[in-house]
Amino acid sequence: MSTIESGVPTPAKASPLLTDQSVAKQLLFGNVLEENLFPYPAINERDREALGMIVESIDRFLEGKQADFARWDREARQPDEFVQSLRELGLFGLIIPEEFGGLGLSNAAYARVLAQTSSYDSSVSLTIGAHSSIGMKGLLLFGTAEQRARYLPKLATGEMIAAFCLTESGAGSDAAAIRTAAKRNADGSFTLNGEKLWITNGGIADFYTVFARTDGPEGKVTAFLVEAAWPGVSHGAHEDKMGIRASCTTTVAFNDVRVPAANVLGEVGKGFKVAMGILNNGRTGLGGGAVGGMKALIRRSVAQAQERKQFDRPIAEYGLVREKIAQMTVECFAAESAVWMVAHYIDSGCEDYSVEAAITKVFASEAMQRTAYESLQIAGGNGYMRELPYEQYVRDARILPIFEGTNEILRLYIALSSLKDVGASLKELKSAVGSIFNDPIKGFGVLSGYAERRFARATGLGAAVKVSAPVAPALRPLVDIYESYARATARVAEGVLRKYGKGISGQQHAQRRIADLMIDLFVGLCVISRADSIIRSDPASAAQVTDIAKVFTHQARRRMVRNVRGLSHNEDQSIEALAGAILEKGRYPWDVL
Ligand SMILES: Cc1cc2nc3c(=O)[nH]c(=O)nc-3n(C[C@H](O)[C@H](O)[C@H](O)COP(=O)(O)OP(=O)(O)OC[C@H]3O[C@@H](n4cnc5c(N)ncnc54)[C@H](O)[C@@H]3O)c2cc1C
Numbered sequence: 031m032s033t034i035e036s037g038v039p040t041p042a043k044a045s046p047l048l049t050d051q052s053v054a055k056q057l058l059f060g061n062v063l064e065e066n067l068f069p070y071p072a073i074n075e076r077d078r079e080a081l082g083m084i085v086e087s088i089d090r091f092l093e094g095k096q097a098d099f100a101r102w103d104r105e106a107r108q109p110d111e112f113v114q115s116l117r118e119l120g121l122f123g124l125i126i127p128e129e130f131g132g133l134g135l136s137n138a139a140y141a142r143v144l145a146q147t148s149s150y151d152s153s154v155s156l157t158i159g160a161h162s163s164i165g166m167k168g169l170l171l172f173g174t175a176e177q178r179a180r181y182l183p184k185l186a187t188g189e190m191i192a193a194f195c196l197t198e199s200g201a202g203s204d205a206a207a208i209r210t211a212a213k214r215n216a217d218g219s220f221t222l223n224g225e226k227l228w229i230t231n232g233g234i235a236d237f238y239t240v241f242a243r244t245d246g247p248e249g250k251v252t253a254f255l256v257e258a259a260w261p262g263v264s265h266g267a268h269e270d271k272m273g274i275r276a277s278c279t280t281t282v283a284f285n286d287v288r289v290p291a292a293n294v295l296g297e298v299g300k301g302f303k304v305a306m307g308i309l310n311n312g313r314t315g316l317g318g319g320a321v322g323g324m325k326a327l328i329r330r331s332v333a334q335a336q337e338r339k340q341f342d343r344p345i346a347e348y349g350l351v352r353e354k355i356a357q358m359t360v361e362c363f364a365a366e367s368a369v370w371m372v373a374h375y376i377d378s379g380c381e382d383y384s385v386e387a388a389i390t391k392v393f394a395s396e397a398m399q400r401t402a403y404e405s406l407q408i409a410g411g412n413g414y415m416r417e418l419p420y421e422q423y424v425r426d427a428r429i430l431p432i433f434e435g436t437n438e439i440l441r442l443y444i445a446l447s448s449l450k451d452v453g454a455s456l457k458e459l460k461s462a463v464g465s466i467f468n469d470p471i472k473g474f475g476v477l478s479g480y481a482e483r484r485f486a487r488a489t490g491l492g493a494a495v496k497v498s499a500p501v502a503p504a505l506r507p508l509v510d511i512y513e514s515y516a517r518a519t520a521r522v523a524e525g526v527l528r529k530y531g532k533g534i535s536g537q538q539h540a541q542r543r544i545a546d547l548m549i550d551l552f553v554g555l556c557v558i559s560r561a562d563s564i565i566r567s568d569p570a571s572a573a574q575v576t577d578i579a580k581v582f583t584h585q586a587r588r589r590m591v592r593n594v595r596g597l598s599h600n601e602d603q604s605i606e607a608l609a610g611a612i613l614e615k616g617r618y619p620w621d622v623l
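For the sequence shown, counting from 1, position 448 maps to 478 in my numbering; every step adds exactly one.
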């Protein structure tokens, strides 16, 4: 086995974006920030070279290990020698800067590596991903120079494996409810007590990023760097899970653990910000993994559909099977286009990307669910048998909408954090309207871009915002659809804010619809941008990517029609009443007897 050697120049920073505004949030204002969408970003030369070597090494190492992965899945373990090989391959140093012994890959290149490992086995990606995406990401993002120098070299070689310790039995989605306590001692150190639950790499990690309440239950959250070897740190047994069974998930307990002041990560009391910063930054890794899984399943399904004959013909000739192959391809392309667009935002130094990152996590994880389900369906009864890997893909994929923020919580986040900005502009609009009539020059001066356009629209002076990027003619009618639904989404967003005001935070059905509109708009625009760049660079693929863009956009339009209309015409009251009744009865109360 060979070690991956970077042997390539230091990465050039990706081209800066023209604007640091959030593309997704701007959609809720009816704006398409085309400068951040077109042209579709290319992977930089340095990453492309490094990726070629890394992908080849991964293929050489993981190819032919399918029987081992199936056995380790049954036995729920990843042998030490295998983890040692991952170290030797350099897979724990992917995103650590070269000066500390890592490969210094960009977010985009890292996501591509996880796509490759996921095409073989999700547990392998989890072991690497929990280390890089969340376990030591906090040290990279928030660590001091001294902390980085102390730990990054060991984390780069895998001498130390990292894990992220946030969840507790009483604090899952509500991460702010953690009870692990960090009491400050007279010498400035802290004493840590508590237990964390379902920690990926919990049993093999040497380095934990731990979140705890500083000074009492009402205290604020602080992040700490904790070594597994310190007195009082222990972990529980490997959990018996539904999927990703070979990856190591355990409890991690802290019993009077003394943590030096030098191991506080970020500022005392600012740990929640650290946790969210890590999770937002790490989400493209999960998206990349999902894309790798989808590509592997498409390859298998194609072979299966061509080999399997029924009614004297390969099942690949039947429309209902072809529909599944085409749909998987559309969803994989869409997820891939969105994931690498967001990775580019992060690599370009864009700061406001958390909504886009949440969108890619929700979309890619659900696309992977559908792909795993349909791929198994194409394999029929064979797919249900353990001899083939389809059932493992279904089990492994099931975690994706649950961890690193459930998809429900992320949908609420997508909607609420974007609506917040619209709400602020509406308030500004209201106060500025009076000033405009009393003092037009001063009044217009205080209006934001949105409020100005909104005012212009209300007074009939506004023109519709058009995407001016010169997209391929076949894609232009599709761009018109996104422009039109961005305006419709802005209208309904404003409508729900006027209707509910601050009460919108309690209206989850409306939030879900707004989030789904934003997901379709953002992912769809990424699809158009990528299809456009492929049409230019690879004319032989033009027909297929145009078809992908058409299928995605028309399916998205049907969903958007439903979601726009659903904000005013829906059965939400009946749904709420029914859920209430069943919850009260505690069961389904009818029978045919
Ligand atoms: C295999 C595995 C590995 C994991 N790895 C790690 C790790 O490495 N580090 C770590 O810290 N954690 C880890 N976790 C924990 C994971 O992040 C949590 O499971 C996740 O955040 C959800 O929390 P919960 O399971 O307690 O679900 P809950 O928060 O109890 O949610 C249950 C359901 O209620 C929904 N829900 C909750 N609140 C709301 C709301 N306000 N509105 C609408 N719906 C709501 C949720 O979406 C979900 O469907 C892991 C979990 C698993 C299963």
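No residue lacks a Cβ here, since even glycine has one placed at the ideal position from N, Cα and C.
Element boundaries [alpha helix (DSSP H), containing residue i]
{"i": "Cys362", "result": "349-377"}
{"i": "Tyr420", "result": "420-427"}
{"i": "Ala402", "result": "384-414"}
{"i": "Gly268", "result": "Going by the sequence as given, residue 268 is His instead of Gly. Looking at the DSSP string, His268 is not in any alpha helix (DSSP H), and its letter there is neither H nor E."}
{"i": "Thr221", "result": "Looking at the DSSP string, Thr221 is not in any alpha helix (DSSP H); the run it does join, the beta strand (DSSP E), is 220-230."}
{"i": "Val256", "result": "Unbroken run through Val256 is the beta strand (DSSP E), 251-257; no alpha helix (DSSP H)."}
{"i": "Asn310", "result": "301-337"}
{"i": "Phe213", "result": "Contrary to the premise, residue 213 reads as Lys rather than Phe in this sequence. First-last for Lys213: 211-214, but that is the beta strand (DSSP E), not the alpha helix (DSSP H)."}
Other residues of its chain near residue i: CB distance less than 7 angstroms, five sequence neighbours each side excluded
{"i": "Asp426", "result": "Ser152, Gly273, Ile274"}
{"i": "Leu63", "result": "Thr49, Gln51, Val53, Gln56"}
{"i": "Asn215", "result": "Thr221"}
{"i": "Gly200", "result": "Ala207, Arg209"}
Under 8 angstroms between C-beta atoms of residue i and residue j
{"i": "Ala145", "j": "Val321", "result": "yes"}
{"i": "Leu169", "j": "Tyr181", "result": "yes"}
{"i": "Val256", "j": "Asn311", "result": "no"}
{"i": "Ala80", "j": "Leu135", "result": "yes"}
{"i": "Met548", "j": "Ile389", "result": "yes"}
{"i": "Leu67", "j": "Ala523", "result": "no"}
{"i": "Met324", "j": "Thr401", "result": "yes"}
{"i": "Gly232", "j": "Thr210", "result": "no"}
{"i": "Ala106", "j": "Asp270", "result": "yes"}
{"i": "Ala186", "j": "Phe130", "result": "yes"}
{"i": "Arg441", "j": "Ala545", "result": "yes"}
{"i": "Leu551", "j": "Thr583", "result": "no"}
Residue i, buried or exposed, once every other Cβ within 10 Å from all chains shown has been counted against 16
{"i": "Ala368", "result": "buried"}
{"i": "Arg566", "result": "exposed"}
{"i": "Gln422", "result": "buried"}
{"i": "Gln51", "result": "buried"}
{"i": "Trp370", "result": "buried"}
{"i": "Arg608", "result": "A small fix is needed here, since residue 608 is Leu in this sequence, not Arg. So Leu608 counts as exposed."}
{"i": "Glu404", "result": "buried"}
{"i": "His374", "result": "buried"}
{"i": "Leu623", "result": "exposed"}
{"i": "Tyr618", "result": "exposed"}
{"i": "Asp9", "result": "In the structure displayed, the chain extends from 31 to 623; residue 9 sits before or after that span and is not available."}
{"i": "Gly413", "result": "buried"}
Residue i versus residue j: straight-line alpha-carbon distance, rounded
{"i": "Ala516", "j": "Val85", "result": "38 angstroms"}
{"i": "Ile73", "j": "Val53", "result": "20 angstroms"}
{"i": "Gly165", "j": "Phe194", "result": "4 angstroms"}
{"i": "Lys450", "j": "Ser598", "result": "20 angstroms"}
{"i": "Gln108", "j": "Ser604", "result": "49 angstroms"}
{"i": "Ala212", "j": "Thr252", "result": "8 angstroms"}
{"i": "Ile328", "j": "Ala175", "result": "45 angstroms"}
{"i": "Leu171", "j": "Leu295", "result": "10 angstroms"}
{"i": "His268", "j": "Asp286", "result": "23 angstroms"}
{"i": "Ser559", "j": "Leu508", "result": "11 angstroms"}
{"i": "Ile88", "j": "Thr239", "result": "28 angstroms"}
{"i": "Leu613", "j": "Glu606", "result": "10 angstroms"}
{"i": "Gly379", "j": "Gly349", "result": "45 angstroms"}
{"i": "Ile355", "j": "Gly123", "result": "36 angstroms"}
{"i": "Tyr70", "j": "Gln340", "result": "42 angstroms"}
Same chain, Cβ closer than 8 angstroms to residue i, neighbours up to 5 away in sequence not counted
{"i": "Ser447", "result": "Lys55, Ser384, Val385"}
{"i": "Ala502", "result": "Ala561, Asp562, Ile565, Arg566, Ala572, Thr576"}
Residues near residue i in its chain [Cβ-Cβ closer than 6 angstroms; skip 5 each side]
{"i": "Ile308", "result": "Ile164, Lys167, Gly168"}
{"i": "Ala335", "result": "Ile345, Ala346, Val351, Ile408"}
{"i": "Gly249", "result": "Arg243"}
{"i": "Thr576", "result": "Ala504"}
Run of the beta strand (DSSP E) containing residue i, from where it starts to where it stops
{"i": "Cys195", "result": "192-195"}
{"i": "Asp286", "result": "279-289"}
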